[in-house]
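Take a look at the structure set out below.
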Amino acid sequence: MRDKFNQQLEKLNQDLIEMGGLIENSIAGAVTAITSNDKELAKKILEADSDINHKEREIEGLCLNLLLKQQPVASDLRLISAALKMITDMERIGDQASDICEIELTSEFIANAQMPDPIKDMAKHAINMVNMSIEAFVKKDMQMAQGVKEEDEIVDNLFRLMRSDLIESIRQNTSGDEQAIDVFMIAKYLEKIADHAVNVAGWVIFSMTGEHIDKIINS
11 MRDKFNQQLE
21 KLNQDLIEMG
31 GLIENSIAGA
41 VTAITSNDKE
51 LAKKILEADS
61 DINHKEREIE
71 GLCLNLLLKQ
81 QPVASDLRLI
91 SAALKMITDM
101 ERIGDQASDI
111 CEIELTSEFI
121 ANAQMPDPIK
131 DMAKHAINMV
141 NMSIEAFVKK
151 DMQMAQGVKE
161 EDEIVDNLFR
171 LMRSDLIESI
181 RQNTSGDEQA
191 IDVFMIAKYL
201 EKIADHAVNV
211 AGWVIFSMTG
221 EHIDKIINS
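Listed below in structure tokens is the structure:
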């Protein structure tokens, strides 16, 4: 019985890695689309969101099966509960990437010329945070999970820099107000992606300790 349970736990790990790969690709693709003004890529990322949603439902079904048909001990219950919480945040990360693509499809950006460098830096750190949080779950690595929150501070600082620069840009050139708002929203979505990655890391810590770190967002 326990051998079958362990096999299903291993499948849970693999499914989470696959879902993590999907959302990492979505973030990277969304930023590539917005920085290169690639509307076809933006459409592909939007279409791929259904794959993320499907994987979420698949993992949810596996977790419920583990809870209902197996006999998990307390530590197993924490791990499965954490996985259920993690996939909610991971699905929302996919939604944020889609939101960025929606901006690309409704705006007219000049490739690279109007996308500030901090946007690319925020995306790079956000993708790394997602990767770290999932790897921490699979490896049960507390230090790696805690490192996600530390990297979130970098993203927050980049967001504050972006916000200040955009406010100054609007003051100096009111004709670009609408596009500046679009850039601000892209930065805001990336900040939310990073926050959700912190949530995922928090549930990793919960799976090992029973305690969750304090940064929780719901959208």
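With this note's numbering applied, the sequence shown corresponds to residues 11 to 229, in that order.
Glycine residues also receive a C-beta, built at the ideal position from the N, C-alpha and C atoms.
1) Curious, which full-length alpha helix (DSSP H) runs of at least 4 residues does the region 187 to 219 contain?
2) With a CB to CB cut of under 6 angstroms and the five nearest residues on each side skipped, what residues in its chain are close to I164?
3) Is the CB-CB distance between L51 and M132 below 8 angstroms?
4) Can you give me the C-alpha to C-alpha distance between F194 and N141, rounded to a whole angstrom?
5) Nearest-angstrom Cα distance between V208 and K14?
6) Tell me where the alpha helix (DSSP H) around Q156 begins and ends.
7) Whose C-alpha, out of T219, D205, E221 and G220, is nearest the C-alpha of T98?
8) Classify G168: buried if its beta carbon has 16 or more other beta carbons within 10 angstroms, exposed otherwise.
9) Please report how far the alpha carbon of D166 lies from the alpha carbon of D59, in whole angstroms.
10) In angstroms with no decimal places, state the Cα-to-Cα distance between I226 and E20.
Looking at the atomic coordinates:
1) 187 to 219
2) H135
3) no
4) 25 angstroms
5) 31 angstroms
6) M152 to Q182
7) D205
8) In the sequence as displayed, the identity of residue 168 is Leu instead of Gly. Its Cβ being crowded by 16 or more others within 10 Å, L168 is buried.
9) 26 angstroms
10) Because the pLDDT at I226 is just 48, under 50, the model does not fix this residue reliably, and the value given afterwards should be weighed accordingly. I226 and E20: Cα-Cα distance of roughly 27 angstroms.
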